[in-house]
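*Asks:* Residue numbers (the numbering used here): 4 to 92.
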C-alpha cells in the first residue's frame with residue numbers, strides 16, 4: 004500500500020456518515036458457511052427407536068464391514084508380496 008492509499012483510507016474512516024463494508028461481502032462463500040458444524044451437537048436417536056435395538060444392529064454391521072475390509076486388505080497385501088517375490092526371482 005502506498006502512502007496516498009493509506010491517507011485516503013484514513014480520510015474515509017475519519018469522515019462522517021460513511022458506512023464501512025465488511026471484507027467478507029466480496030467473498031463468493033457466505034460469511035459463516037465454513038463454520039456450519041462447529042457449534043452443532045450430534046444428533047441423537049429418539050428413545051422409542053433406541054428401544055428397538057437398532058443401535059446393536061448398526062454396530063454389528065459396522066464391525067462386519069471393518070472385518071471384511073481387513074480380510075480384503077490382507078488378501079491384497081499377500082498378493083502384492085507374492086508378486087514382488089516372483090519378480091525378484
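For each residue, glycine too, the CB sits at the ideal point set by N, CA and C.
Taking the CB atoms as reference points, tell me whether residue 15 and residue 21 lie closer together than 8 Å.
*Replies:* A contact, by the Cβ cut-off of 8 Å.
*Asks:* Where does residue 51 sit, in a helix, a strand or coil, going by DSSP?
*Replies:* Helix, per DSSP.
*Asks:* On the DSSP letters alone, give me the boundaries of the alpha helix (DSSP H) that residue 12 sits inside.
*Replies:* 6-17 is the span of the alpha helix (DSSP H), which, as asked, contains residue 12.
*Asks:* For residue 23, does the three-state DSSP call read helix, strand or coil?
*Replies:* Residue 23 falls in the coil class under three-state DSSP.
*Asks:* Might you give, ordered along the chain, the residues of its own chain that have their beta carbon closer than 8 Å to the beta carbon of residue 48, omitting 5 neighbours on each side?
*Replies:* Cβ within range, chain order: 57, 58.
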